[in-house]
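Residue numbers (the working numbering), protein chains in the order written: chain H, 1 to 435; chain P, 1 to 435. The C-beta atom is built at its ideal place from N, Cα and C for all residues, glycine as well.
Number of protein chains: 2
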Amino acid sequence: MATDYRRQHPVCLPLGCWPIELGSVSLRYAAYGADYARRALGRVKRYVDVILAARYSTWIKPVSRAKPPGNNRPTSSSDSVVLAHQTSADGPRAVRLKDIAVLAGVSPITVSRALSRPDIVAEATVARVRAVVERLGYVPNRHAGSLASNRSQLVAAVVPTIANAIFSDTLLAFTSALDARGYQVMFGLSGFDGDSEARLLENVLGRRPDGILLTGARHTARTRMRLAAAGIPIVETWDTSEEPLDMTVGFSHRDVGHALGQHLLDCGCRRPALILGDNDRAAARGRGFKEACAERGYTSVPEKVLASPTTTRQGREALRELLAESPDIDAVSCSSDLLALGAIIEAGQRGIDVPGDLSVAGFGDLDFASQLEPALTTVRIDGQGIGRLAALNLLERIEKHVASGNGAPKQVDVGFELVARASTRPRPHKPENRR
Amino acid sequence: MATDYRRQHPVCLPLGCWPIELGSVSLRYAAYGADYARRALGRVKRYVDVILAARYSTWIKPVSRAKPPGNNRPTSSSDSVVLAHQTSADGPRAVRLKDIAVLAGVSPITVSRALSRPDIVAEATVARVRAVVERLGYVPNRHAGSLASNRSQLVAAVVPTIANAIFSDTLLAFTSALDARGYQVMFGLSGFDGDSEARLLENVLGRRPDGILLTGARHTARTRMRLAAAGIPIVETWDTSEEPLDMTVGFSHRDVGHALGQHLLDCGCRRPALILGDNDRAAARGRGFKEACAERGYTSVPEKVLASPTTTRQGREALRELLAESPDIDAVSCSSDLLALGAIIEAGQRGIDVPGDLSVAGFGDLDFASQLEPALTTVRIDGQGIGRLAALNLLERIEKHVASGNGAPKQVDVGFELVARASTRPRPHKPENRR
DNA sequence: CTGTTAGCGCATTCAT
DNA sequence: ATGAATGCGCTAACAG
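Structure (structure tokens):
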């Protein structure tokens with residue numbers, strides 16, 4: 001039963017603490033000072049709730065130090081429930097490592113080890129510590145841990161947006177892989193402008209991540225310096241780069257565009273056009289596309305560039321405009337599947353047969369691409385693979401960094417897959433499933 | 001020009017530091033000890049790079065303390081460049097507040113204030129500090145700050161997934177609003193199972209966020225206790241709840257379903273069906289839908305439940321199965337626009353006219369909904385508004401928390417908007433744009 | 001296997 | 001307007 005203990009009591013319970021059965025309270029208050037004992041007992045009588053070392057640890061310490069000859073460890077799980085509810089005016093206080101130590105009858109460092117490296121601690125000790133942790137709901141303060149160890153177990157992922165469905169696979173895989181190794185991922189949304197990216201980075205670096213994942217291309221000189229100065233492994237994804245900061249896991253957008261251009265021309269198209277989002281990667285694909293066209297003598301490629309993130313509506317409008325300006329186009333390659341969907345819808349509305357009169361290609365192989373009628377030709381990227389590889393490479397560097405210094409720059413090309421479907425069938429074939 | 005300084009030097013530069021022009025070096029090495037001076041000067045000659053108090057602050061301190069009668073502050077911006085590149089074996093070290101203080105000729109606390117509350121520090125001092133900070137690229141260590149102040153300036157957002165385009169508006173607005181007030185947002189992906197949510201929460205709470213945003217319904221008793229025990233403001237979004245943890249910003253999914261049911265019946269449908277994702281919110285909408293049907297005497301509603309996150313492919317398949325089992329259905333309400341897209345495509349393939357023979361409704365009003373042919377009837381949620389309101393309410397609590405204790409539970413209902421489009425036109429009208 | 005000692009880098013409190 | 005002293009909660013290094 002989920003009870004909201006917060007409402008039952010006049011003050012919040014300390015971080016990670018909740019009421020438990022009291023059992024036999026062995027409150028040797030004489031050892032703690034009369035004042036404390038009075039307050040503690042008062043609380044106990046009133047709330048019968050968990051008792052917490054909290055602010056009183058200074059009083060407890062001497063007891064633990066005194067080590068009476070007999071046994072100052074809890075004799076049963078119930079009598080270790082010893083202390084007092086927080087009463088100070090400045091709000092509740094969290095359970096600390098030290099509190100666990102006192103209740104488990106060991107030193108703080110042993111608790112630390114029992115939790116982070118149980119293999120080097122005696123089994124019985126670990127069990128005892130775990131029991132107390134569980135009972136008090138202790139959650140270690142990672143700020144303190146990071147500060148002391150100089151390792152944050154935190155990896156930052158700076159992405160332009162999370163709205164892009166195409167990135168989310170990557171981020172999920174990245175997160176999972178790191179999670180499995182005990183790292184947390186902290187997302188930073190840089191938006192599409194480089195200005196806020198600088199501020200974001202400042203914030204992110206303040207949290208001293210052990211590594212950084214970047215998505216989204218061009219960084220200012222200042223940003224690059226800051227990153228280099230941070231001295232932590234960096235992996236850039238979703239692109240190969242001519243001047244990588246550290247590692248990259250991605251593919252050549254130029255090659256994708258080139259392959260799309262060739263494919264459309266192979267399908268018999270003679271007047272291909274482009275609909276592109278206004279980001280670097282889409283532009284690179286556009287460049288590759290035009291190169292492929294130029295190689296076969298088609299030097300003029302009508303083109304529409306739209307504000308990112310691109311939408312289906314933009315796709316419809318762009319095709320409309322393209323047709324108005326260049327009525328003879330017979331193929332259009334879009335920088336996202338959403339744009340392509342818009343183009344297909346617009347074509348349908350105008351009675352333009354796809355692919356009979358107009359071939360349409362997208363990018364991303366989103367869920368719906370294969371389900372459309374006609375099914376959409378697109379480019380599939382192993383977004384999950386990118387995320388996984390980025391995580392693994394980062395981890396390798398992070399762990400190595402502990403021992404040695406830097407590694408050699410590493411570039412991973414995951415390639416891409418052009419998925420030819422009905423929306424760009426070779427011209428000779430007439431589609432069967434026209435409606 | 002973006003130079004990768006990391007590769008120019010055998011060791012990484014310290015966090016936030018990069019080479020700068022040296023100017024006139026006033027290295028009074030006599031004060032620092034011969035050994036240090038020898039090394040420092042050796043480095044300076046070899047790299048001509050930035051000079052860093054770093055590990056040597058203990059040596060510097062006495063100088064700063066001595067306060068020679070003249071002026072121990074930098075006389076110009078160039079001669080304050082004083083120290084040595086990091087040479088210790090245990091790797092580079094970050095610039096600290098103390099380093100800035102030494103170079104700016106003030107105490108650490110003054111630097112702290114100059115950066116966080118410049119209004120209470122003399123203008124000239126702030127300027128001097130800022131200059132040094134800028135030059136050394138100092139980035140404050142937030143772990144230390146959080147530990148000392150017991151405020152992390154961090155808000156956690158725990159969501160099932162970021163793939164869902166429908167959440168991303170909320171998250172973006174949430175992030176923006178908090179960013180504007182100096183808070184960082186930390187995302188946690190809970191997935192769709194409650195098991196990993198528990199572990200995630202443990203990790204998240206370890207970072208001591210000042211507040212938490214939750215999306216995605218049912219929490220285990222354990223989770224609820226942990227959250228209550230954390231004693232920080234919590235806002236649950238995208239739903240109203242019967243047993244809220246703290247605050248909620250959302251709407252009634254039951255009411256959405258009810259409105260959809262009424263709408264379809266109003267359109268003249270007499271045999272409505274459901275296609276739902278297998279999450280609580282979709283289920284609640286389904287319940288409302290069936291209630292609306294029951295109110296008018298339609299007690300049997302064919303239904304397909306699919307694994308979340310739902311896809312267009314699932315929508316196609318689900319409609320196929322529904323038609324096989326209940327060939328007489330004349331309306332289908334889907335728990336997402338993607339499912340609805342699939343249903344529309346499948347209907348098109350089978351020659352079933354939408355809305356003539358089958359009305360289709362979705363949920364979310366995704367980008368493409370209005371662009372489809374026929375345009376999709378759906379439900380629009382102000383996702384951005386949810387994010388903004390969640391942030392504002394959280395902020396209010398966070399700031400208030402500093403002064404007083406808890407606030408009263410707060411429930412905000414942002415409502416919803418049923419957007420009736422061509423896919424559910426009233427039966428009498430025959431659609432004009434059939435293909 | 002466990003304990004002792006000594007900080008990590010910063011902000012709070014109380015001085016001046 | 002600025003500074004000194006103190007400690008946040010934890011872990012590293014070294015003892016035993």
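Nonlocal neighbours in the same chain, by C-beta distance under 6 Å from residue i, ignoring five residues either side
| i | result |
| --- | --- |
| residue 424(P) | 267, 355, 359, 361 and 377 |
| residue 388(P) | 173 and 177 |
| residue 290(H) | 301 |
| residue 238(P) | 215 and 250 |
| residue 28(P) | Any reading at residue 28(P) must be qualified, since the residue scores a pLDDT of 28, below 50, and its modelled position is unreliable; the value itself is stated next. Closer than 6 Å at Cβ, skipping near neighbours: no residue. |
CA-to-CA distance, residue j to residue i, given in whole angstroms
| i | j | result |
| --- | --- | --- |
| residue 73(P) | residue 107(P) | Residue confidence for residue 73(P) is low, a pLDDT of 36 falling below 50, so the modelled location carries little weight and cannot support an answer. |
| residue 33(P) | residue 145(H) | The predicted position of residue 33(P) is uncertain, since its pLDDT is 33 and thus under 50; a value taken from the coordinates is nonetheless stated next. Between residue 33(P) and residue 145(H), the C-alpha separation is close to 34 Å. |
| residue 95(H) | residue 136(H) | 7 Å |
| residue 214(H) | residue 127(P) | 33 Å |
| residue 417(H) | residue 398(H) | 31 Å |
| residue 465(H) | residue 104(P) | With chain H covering only 1 through 435, there is no way to say anything about residue 465(H). |
| residue 293(P) | residue 284(H) | 53 Å |
| residue 260(H) | residue 296(H) | 13 Å |
| residue 201(H) | residue 223(H) | 8 Å |
| residue 184(P) | residue 343(H) | 39 Å |
| residue 100(P) | residue 149(H) | 23 Å |
| residue 363(P) | residue 220(H) | 41 Å |
| residue 415(H) | residue 422(P) | 42 Å |
| residue 280(H) | residue 229(H) | 25 Å |
| residue 390(P) | residue 410(P) | 11 Å |
| residue 181(P) | residue 392(P) | 10 Å |
| residue 375(P) | residue 234(P) | 38 Å |
| residue 324(P) | residue 340(P) | 18 Å |
| residue 400(P) | residue 232(P) | 11 Å |
| residue 197(H) | residue 190(H) | 5 Å |
Per-residue contacts from residue i into chain H (C-beta, under 8 Å)
| i | result |
| --- | --- |
| residue 367(P) | 311, 312, 313 and 338 |
| residue 141(P) | 147, 206 and 208 |
Neighbourhood of residue i by C-beta, 8 Å cutoff - its chain only, sequence neighbours within 5 removed
| i | result |
| --- | --- |
| residue 330(H) | 269, 270, 271, 272, 357, 358 and 359 |
| residue 287(H) | 254 and 257 |
Beta-carbon neighbours of residue i, restricted to chain H and to distances below 7 Å
| i | result |
| --- | --- |
| residue 186(P) | 186 |
| residue 144(P) | 147 |
| residue 423(P) | The contacting residues do not exist; residue 423(P) stays about 14 Å from chain H at best. |
| residue 262(P) | Simply none; closest approach about 28 Å. |
| residue 283(P) | Residues of chain H passing the Cβ test: none, with the nearest at roughly 19 Å. |
| residue 341(P) | 368 |
| residue 168(P) | 162 and 163 |
| residue 175(P) | 189 |
Chain-ordered neighbours of residue i on chain P, where CB pairs are closer than 8 Å
| i | result |
| --- | --- |
| residue 137(H) | 225, 226 and 229 |
| residue 112(H) | Correct list: empty, because the minimum Cβ distance to chain P is about 14 Å. |
| residue 165(H) | 163 and 165 |
Pair within 8 Å by beta-carbon distance, residue i and residue j
| i | j | result |
| --- | --- | --- |
| residue 210(P) | residue 153(P) | yes |
| residue 187(H) | residue 155(H) | no |
| residue 366(P) | residue 337(P) | yes |
| residue 372(P) | residue 345(H) | yes |
| residue 314(H) | residue 169(H) | no |
| residue 140(H) | residue 115(H) | yes |
Same chain only: Cβ atoms within 7 Å of residue i, ignoring 5 sequence neighbours per side
| i | result |
| --- | --- |
| residue 426(P) | 267 and 268 |
| residue 165(H) | 366 |
| residue 420(P) | 263 and 377 |
| residue 163(H) | 309 |
| residue 321(H) | 304 |
| residue 240(H) | 248, 250, 251, 252, 411 and 413 |
| residue 111(P) | 97, 100, 101, 104 and 129 |
Cross-chain neighbours of residue i in chain P, by beta carbon under 7 Å
| i | result |
| --- | --- |
| residue 171(H) | 162 |
| residue 203(H) | 184 |
Any non-hydrogen atom of the ligand ZN within 7 Å of residue i CB
| i | result |
| --- | --- |
| residue 249(H) | Looking at this structure, you won't find the ligand ZN or any other ligand, since it has none at all. |
Chain-ordered neighbours of residue i on chain P, where CB pairs are closer than 9 Å
| i | result |
| --- | --- |
| residue 345(H) | 368, 371, 372 and 373 |
Check: In chain order, which beta strand (DSSP E) runs of at least 3 residues are fully inside the stretch 104-190 of chain P?
Finding: 154-159 and 184-189
Checklist line | Residue ranges of each alpha helix (DSSP H) within the stretch 259-297 of chain P, 4 or longer | finding: 280-295
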